[in-house]
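J.:
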Ligand code: SF4
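Residue numbers (the numbering used here): 3 to 70.
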């Protein structure tokens, strides 16, 4: 849970913000829940990334994962 903090609702928010591309892809590489989002929602070049996952919900400065 190193790369996550709990927000006020108890949801897991990514500590790396919106631009930690290497970390977002490293997490997704080891995540059993990864699922590629719709094409118009993809933002990362590397396909397998939390930033491209249908379970991430963007926040102002980062995203939360709906599977954590
Ligand atoms: S956003 Fe959540 S479910 Fe999706 S790859 Fe990242 S950790 Fe896994």
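Every residue gets a Cβ at the ideal spot worked out from N, C-alpha and C, and that includes glycine.
Write down the C-beta distance between residue 72 and residue 57 rounded to the nearest angstrom, noting that I regard them as a contact closer than 8 Å.
T.: Residue 72 lies beyond the residue range present for the chain, which begins at 3 and ends at 70; the question has no answer from this structure.
J.: Using a threshold of 7 Å, state whether the C-beta atoms of residue 30 and residue 59 are closer than that.
T.: If you number the chain shown from 1, residue 30 lands on position 28. If you number the chain shown from 1, residue 59 lands on position 57. It is not a contact, given that the beta carbons lie outside the stated cut-off.
J.: Scan the region 4 to 45 and note each continuous alpha helix (DSSP H) run of 4 residues or more that stays entirely inside, going in chain order.
T.: 23 to 31
J.: Could you name the residues of the same chain whose beta carbon sits closer than 8 Å to that of residue 26, not counting the 5 residues immediately before and after it, in chain order?
T.: Translated into the one-based positions of the chain shown, residue 26 becomes position 24. Excluding residues within five positions, the ones whose Cβ falls inside 8 Å are 16, 18, 46, 51, 52, 53.
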